[in-house]
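Contents: one structure, followed by commentary.
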Amino acid sequence: MPKSDLPTVEELLTIAVRELGGAERPGQVTMAAAVQKSLDKGDHLAVQAGTGTGKSLAYLVPAIRHAAISDSAVVVSTATIALQRQLVDRDLPRLADALEKELPHRPEFAILKGRRNYLCRYKSTVGMPEDEQDQLFDPREVSATGRMVQRIQEWAEETETGDRDELVPGVSEIAWRQFSVSARECLGAQRCPSGSECFAELARERAGMSDVVVTNHALLAIDAMEDFQVLPEHQVVVVDEAHELVDRVTSVVTDELSESTVGLAARRAGRLIEQGLADRLQEAAEDLGSLLAAAPAGRVDDLPQSLGLTLALVRDAAFACITALGSRTADKDDPEGAGAKKAAFTALDEVHDTAQRMLDAFGGDSEVDRAEVVWLEEGSGRVPPTLRVAPLSVGGMLRDKLFGDRTVVLTSATLALGGTFDGMAAQWGLGKNDDWSGLDVGSPFDHGRSGILYVAKHLPQPGRDGLPEAYIQEMVELVEAAGGRTLGLFSSMRAAKAATEALRDRLSVPLLCQGDDSTSLLVKQFAADPETCLFGTLSLWQGVDVPGPSLTCVIIDRIPFPRPDDPLTSARQRHVAAKGGNGFMSVAATHAALLLAQGAGRLLRSMDDRGVIAVLDPRLATARYSGFLLNSLPPYWRTTDPAVVRAALKRLTS
Numbered sequence: 001m002p003k004s005d006l007p008t009v010e011e012l013l014t015i016a017v018r019e020l021g022g023a024e025r026p027g028q029v030t031m032a033a034a035v036q037k038s039l040d041k042g043d044h045l046a047v048q049a050g051t052g053t054g055k056s057l058a059y060l061v062p063a064i065r066h067a068a069i070s071d072s073a074v075v076v077s078t079a080t081i082a083l084q085r086q087l088v089d090r091d092l093p094r095l096a097d098a099l100e101k102e103l104p105h106r107p108e109f110a111i112l113k114g115r116r117n118y119l120c121r122y123k124s125t126v127g128m129p130e131d132e133q134d135q136l137f138d139p140r141e142v143s144a145t146g147r148m149v150q151r152i153q154e155w156a157e158e159t160e161t162g163d164r165d166e167l168v169p170g171v172s173e174i175a176w177r178q179f180s181v182s183a184r185e186c187l188g189a190q191r192c193p194s195g196s197e198c199f200a201e202l203a204r205e206r207a208g209m210s211d212v213v214v215t216n217h218a219l220l221a222i223d224a225m226e227d228f229q230v231l232p233e234h235q236v237v238v239v240d241e242a243h244e245l246v247d248r249v250t251s252v253v254t255d256e257l258s259e260s261t262v263g264l265a266a267r268r269a270g271r272l273i274e275q276g277l278a279d280r281l282q283e284a285a286e287d288l289g290s291l292l293a294a295a296p297a298g299r300v301d302d303l304p305q306s307l308g309l310t311l312a313l314v315r316d317a318a319f320a321c322i323t324a325l326g327s328r329t330a331d332k333d334d335p336e337g338a339g340a341k342k343a344a345f346t347a348l349d350e351v352h353d354t355a356q357r358m359l360d361a362f363g364g365d366s367e368v369d370r371a372e373v374v375w376l377e378e379g380s381g382r383v384p385p386t387l388r389v390a391p392l393s394v395g396g397m398l399r400d401k402l403f404g405d406r407t408v409v410l411t412s413a414t415l416a417l418g419g420t421f422d423g424m425a426a427q428w429g430l431g432k433n434d435d436w437s438g439l440d441v442g443s444p445f446d447h448g449r450s451g452i453l454y455v456a457k458h459l460p461q462p463g464r465d466g467l468p469e470a471y472i473q474e475m476v477e478l479v480e481a482a483g484g485r486t487l488g489l490f491s492s493m494r495a496a497k498a499a500t501e502a503l504r505d506r507l508s509v510p511l512l513c514q515g516d517d518s519t520s521l522l523v524k525q526f527a528a529d530p531e532t533c534l535f536g537t538l539s540l541w542q543g544v545d546v547p548g549p550s551l552t553c554v555i556i557d558r559i560p561f562p563r564p565d566d567p568l569t570s571a572r573q574r575h576v577a578a579k580g581g582n583g584f585m586s587v588a589a590t591h592a593a594l595l596l597a598q599g600a601g602r603l604l605r606s607m608d609d610r611g612v613i614a615v616l617d618p619r620l621a622t623a624r625y626s627g628f629l630l631n632s633l634p635p636y637w638r639t640t641d642p643a644v645v646r647a648a649l650k651r652l653t654s
């Protein structure tokens with residue numbers, strides 16, 4: 001079929017919807033047309049598409065058509081494993097079946113994960129020395145890890161993909177690390193004795209022959225930021241769950257130092273170089289551990305002399321080890337030594353570069369010049385105190401590395417905060433003069449008729465000393481009126497547990513709390529029994545999809561501002577203010593608006609759903625920033641009258 005004869009996106013979408021047994025949705029048609037226009041012009045596009053729009057189909061159809069015309073892959077990046085599986089296991093196979101006759105060939109698709117997710121044949125064959133064994137002090141844990149290792153070895157003989165997710169039940173990170181390597185530790189397909197049968201390389205080959213490659217935000221960031229290429233050649237990226245992009249990219253470019261990380265590098269080097277040099281690095285690791293153990297947790301605004309000297313010791317000792325290792329070229333005649341050498345170089349490079357990065361973070365003359373923030377996290381259990389460093393903004397990186405020479409479509413149910421895309425665009429590094437546009441295609445739900453947004457204006461403002469009694473009583477009355485059927489979203493695990501304990505003594509309905517069991521099992525229990533309530537924190541704000549009568553009321557205890565002592569967000573807020581901006585609105589209020597909109601989005605998941613969003617924090621009705629937050633939420637009918645809400649809930653459940 002000549003490419004000029006391909007059906008239009010609108011025609012392909014009509015065929016796909018018909019073949020999949022769906023119904024045409026105006027928002028879906030509008031979004032598909034906008035995505036096609038973006039791909040044709042090469043401009044970036046941000047699309048807010050509410051739940052029920054069918055946004056996956058709205059970007060997949062133009063993506064597949066573009067791949068057919070351009071003979072190049074389109075990369076689709078998601079934040080969650082759940083959406084990756086939905087795309088690869090359900091949406092893309094059905095769409096390929098539906099469109100096969102309309103295109104030059106059946107659309108091909110593949111999923112590509114980070115190298116750590118694939119079994120490394122070389123490491124499992126050579127049996128490289130493990131660095132983590134000395135961290136296992138509990139004999140029972142050693143035994144359990146041994147059983148997992150044996151199970152991985154048996155699975156390795158039969159697996160065709162080497163994909164960790166196919167190993168069910170799963171295994172611990174300690175066990176899996178004995179069979180996997182990071183991208184930096186990898187010898188490379190050309191140098192590795194197992195390169196021709198490498199699972200990660202085979203997955204990349206499959207991706208290179210596909211029309212659509214599904215990956216995650218972290219791997220997308222690594223591909224854009226690092227010197228080595230991870231994804232196949234591509235000019236178009238679709239970022240689904242785009243509200244998560246900045247946080248995921250920030251995680252990728254955050255580095256850390258602790259006694260453990262430096263000690264690991266020293267042990268790896270000690271097997272290959274003069275022991276005295278490795279001992280020098282080990283001593284620096286111990287000095288760092290002692291210093292961090294005595295220091296207060298939190299943001300480090302000014303570099304103490306003792307920390308500066310210790311970081312310099314770590315850096316210089318790591319550099320001495322790197323120099324002693326000599327050539328980085330792998331010796332094909334010594335495969336075991338090649339792997340150990342690459343692992344040592346990787347650990348030493350990371351220690352050296354991170355120590356230097358932390359020292360450089362304090363080099364600016366003023367707050368305006370600062371580019372990064374350093375903070376100390378206190379240790380717990382076997383995790384030692386850890387020093388971390390992260391950029392104050394990833395916008396510049398995204399602008400240069402991701403948006404620079406590609407066309408990017410970003411979509412989510414929550415992007416227009418305060419009624420505008422400007423806040424999210426600024427975080428992505430896109431300015432008003434750049435070639436991008438924002439589009440809100442709305443939602444098929446009639447929010448004003450299907451849901452009520454209730455703000456408990458009469459309650460006291462939330463404090464730091466736990467949930468006030470008035471909040472507990474308000475929750476009791478709401479849950480009783482709803483007959484259970486309530487999802488409680490709390491700003492902290494402590495608040496969720498306190499509410500659960502208090503309400504279990506006062507209510508007769510079953511009440512589940514996050515942490516009682518795995519979150520997925522708790523959500524299944526909650527969905528199965530309409531009288532059950534489920535209380536929890538962050539993952540429930542975004543990860544719950546329970547259509548039907550089991551979810552009639554969503555309670556939000558307080559506006560989800562970041563913690564005032566959170567090192568990264570507080571530093572970002574201060575940095576924006578130093579540059580003349582409104583740090584609170586740009587960082588804290590934007591963070592709160594995003595989470596609040598995600599939480600409110602749990603209520604309506606199907607066309608028949610009805611219910612109430614109850615926000616107990618009166619600041620949503622009274623504070624000067626309340627308009628920004630309210631404009632970030634769907635247009636529910638609003639009230640501050642508790643009697644009206646209780647009566648509405650009783651009518652719904654009767």
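The sequence shown maps to residues 1 to 654 in the UniProt record's numbering. Built from N, CA and C at the ideal position, the CB exists for glycine as well.
Are the Cβ atoms of residue 658 and K41 separated by less than 9 Å? An answer regarding residue 658 cannot be provided, because it is not within the stretch 1 to 654 covered by the chain.
Would I222 and D165 be called neighbours here (beta carbons separated by less than 9 Å)? no
With a cut-off of 8 Å on the beta carbons, I'd call L87 and V214 a contact; round off their distance for me. That belief holds up - the Cβ atoms of L87 and V214 are roughly 5 Å apart, short of 8 Å.
If you scan the stretch 8-62 from start to end, which runs of the beta strand (DSSP E) of 3 or more residues do you find wholly inside it? 44-48
To test your reading of the DSSP string, which unbroken beta strand (DSSP E) runs of 3 or more residues are found completely within the stretch 346-383? 372-377
Given a cut-off of 9 Å, decide if M493 and T537 are closer than it, judged by their beta-carbon atoms. yes
If we count the other Cβ atoms within 10 Å of its Cβ and call it buried at 16 or more, is P391 buried or exposed? It counts as buried.
Helix or strand or just coil, what does DSSP make of V74? Strand, per DSSP.
With respect to the alpha helix (DSSP H) encompassing A293, which residues constitute its N-terminal and C-terminal limits? Where A293 is concerned, the enclosing alpha helix (DSSP H) stretches over 275-294.
Mind checking which residues open and close the alpha helix (DSSP H) that includes D97? 92-99
Taking just the CA atoms, how far does Q84 sit from D440? 24 Å
How about the stretch 578-589 and the stretch 311-321: do they share at least three Cβ pairs that are nearer than 8 Å? no
Going along the chain, which residues of its own chain have a beta-carbon closer than 7 Å to the beta-carbon of L417, five neighbours each way excluded? If we look at L417 and ignore the five residues flanking it on each side, its Cβ neighbours are G423, M424, T590, A593, L594, S632.
Relative to the alpha-carbon of D365, which residue among P232, L303, Y471 has its alpha-carbon at the smallest distance? L303
By the DSSP assignment, the alpha helix (DSSP H) with F109 in it spans what residues? Unbroken run through F109 is the beta strand (DSSP E), 109-111; no alpha helix (DSSP H).
Sorted by chain position, which residues of the same chain lie with C-beta nearer than 7 Å to R506's C-beta, five sequence neighbours on each side aside? V476
A16 versus G488 - alpha carbon distance: 38 Å
What number of angstroms, rounded off, separates the C-alpha of M209 from the C-alpha of M358? 41 Å
Just list the residues that DSSP pairs T555 with in beta bridges. As written in the sequence, residue 555 is Ile, which differs from the Thr given in the question. In the DSSP output, where bridge partners are listed per residue, I555 has G488, A614.
Enumerated in chain order, which unbroken segments of the beta strand (DSSP E) with a length of 3 residues or greater are wholly contained in the stretch 207-244? Segments of the beta strand (DSSP E) lying fully in the stretch 207-244: 212-216, 234-239.
Evaluate L309 with the Cβ neighbour count: other Cβ atoms within 10 Å of its Cβ, from every protein chain shown; 16 or more gives buried, anything less gives exposed. exposed
Secondary structure of P468, DSSP reduced to three states: coil
Roughly how many whole angstroms lie between the Cα atoms of R267 and R206? The straight-line gap from Cα to Cα measures roughly 37 Å.
May I have the straight-line CA-CA distance separating Q190 from N117, to the nearest angstrom? The straight-line gap separating the alpha-carbon atoms of Q190 and N117 is approximately 20 Å.
Determine the burial state of N216: buried for a count of at least 16 other Cβ atoms within 10 Å of its Cβ, exposed for fewer. buried
How about the stretch 272-281 and the stretch 240-257: do they share at least three Cβ pairs that are nearer than 8 Å? A contact is defined here as three or more CB-CB pairs under 8 Å, and the stretch 272-281 fails this definition with respect to the stretch 240-257.
Which of the three DSSP states is assigned to D134 in this structure? Below a pLDDT of 50, predicted positions are generally treated as unreliable, and D134, at 45, falls in that range; the measurement from the model is reported next regardless. Three-state DSSP puts D134 in a helix.
Could you give the residue range of the alpha helix (DSSP H) that holds F628? 626-630
Quick check: what's the CA-CA separation for K342 versus A265? 11 Å
Using only the alpha-carbon positions, how far apart do G21 and D97 sit? 13 Å
Based on the DSSP secondary-structure assignment, which residues constitute the bridge partners of A390? V373
Neighbourhood of A355 by C-beta distance below 6 Å, restricted to the same chain and skipping five residues each side: Within the same chain, A355 has close Cβ partners L311, V314, R315.
Where do the N-terminal and C-terminal ends of the alpha helix (DSSP H) with S450 fall, by residue? 447-450
Span of the alpha helix (DSSP H), counted from its first residue to its last, around L6: Careful: L6 lies outside any alpha helix (DSSP H) and carries neither H nor E.
Using DSSP with H/G/I as helix, E/B as strand and the rest coil, what is E531? coil
Which of the three DSSP states is assigned to H509 in this structure? Residue identity check: residue 509 is Val in the sequence provided, not His. Reduced to three states, the DSSP call for V509 is coil.
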